[in-house]
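Numbering (my numbering), first residue to last: 8 to 297.
Have a look at the structure below, then the notes.
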């Protein structure tokens, strides 16, 4: 197995074009586990950790552009106030050592159904910036990025350069259930994001289907139930129905971490709770502003 280590983004794209079978390595927190357990043996590793163009973030057109090499730790510390749902999810990733090394870009590349960063990206309507040497840049909505279990929409010669997301315009929450409280793969997870100016609610489900996915019916239902103008209380019946619809969007399996039935139940509970927390924050913000 060859080890490729480009120093610039242009060199990385050229290497990927020449060796489409080379597996990109960003944080390596997923890849090295698979290699160590002999579950994967790529023809080459393409180490992107020296590519400085991937390690920054900036703003453009009112949105945040976060490089694929920005670690979870930096995302929490530098962008926690603007990408609050993703920051919450990032705090649940592994240990401090893993968060210091792992990246959302690497999480996207692995495309695991249980990836902690995926539900918040879906809920906030993020886009993935991919690039190839031959065709240049293209933007892929997060909702279209995951094509199967550990499969994504990238072409063989493409690499993830960044993800784009609007700064949170309303409260965002992430919830995750695992066999223990830390350093655990999610049995299932859920993210919610309120977009008050658009009178819209975004959702994201994790570890509950072959791919991370949104709960579109739940989003449509609750958007029509919330009192966006008066910021009145959230009806218990509406929260319960939102949870039911979120659970119906899932297609979970039975495995060693939990049954499909348990996952559906947990999703309904997490959806109801996170929506309640978010809506209460939105109401309280309105009181402070008045």
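Glycine included, every Cβ here is placed at the ideal spot set by N, Cα and C.
Just so we're clear, the structure is a prediction, and the values are computed from it rather than from any experiment.
Checklist entry - If we ignore side chains and look at the alpha-carbon of each, how far apart do residue 285 and residue 110 end up? => result Each residue's Cα considered, the two are about 26 Å apart.
Item to check | beta strand (DSSP E) runs contained entirely in the stretch 53-128, provided each spans 3 or more residues | outcome: 64-67 and 70-74
Checklist entry - Would you say residue 254 and residue 275 are within 7 Å of each other, going by their C-beta atoms? => result yes
Item to check | Cα-Cα separation, residue 36 to residue 224 | outcome: If I take the Cα positions, the gap works out to 34 Å.
Checklist entry - Residues bridged to residue 239 by DSSP? => result As computed with DSSP, residue 239 is found in no beta bridge at all.
Item to check | For residue 131, the nearest candidate out of 209, 170, 167 and 86 (CA to CA) | outcome: 209
Checklist entry - From what residue to what residue does the alpha helix (DSSP H) around residue 231 run? => result 223-232
Checklist entry - Should residue 160 and residue 147 be called a contact, given that it needs their Cβ atoms to be closer than 7 Å? => result yes
Checklist entry - Would DSSP call residue 198 helix, strand or coil? => result strand
Next on the checklist: When you compare the CB positions of residue 288 and residue 178, do they come within less than 7 Å of one another, or not?
Outcome noted: yes
Item to check | Same chain only: Cβ atoms within 8 Å of residue 269, ignoring 5 sequence neighbours per side | outcome: 194
Next on the checklist: I'd like the ranges of any alpha helix (DSSP H) spanning at least 4 consecutive residues and lying wholly in the stretch 256-297.
Outcome noted: 267-296
Checklist entry - Just the Cα atoms here: how many angstroms apart are residue 133 and residue 53? => result 25 Å
Item to check | the stretch 196-207 contacting the stretch 258-269, beta-carbon criterion three pairs below 8 Å | outcome: no
Item to check | Where the beta strand (DSSP E) containing residue 147 begins and where it ends | outcome: 143-148
Item to check | Beta-carbon proximity list for residue 47, same chain, < 6 Å, skipping 5 on both sides | outcome: 41
Checklist entry - CB residue 167 to CB residue 211, shorter than 7 Å? => result no
Checklist entry - When you compare only the Cα positions, how much space is there between residue 244 and residue 251? => result Spanning the two alpha carbons is a distance of roughly 11 Å.
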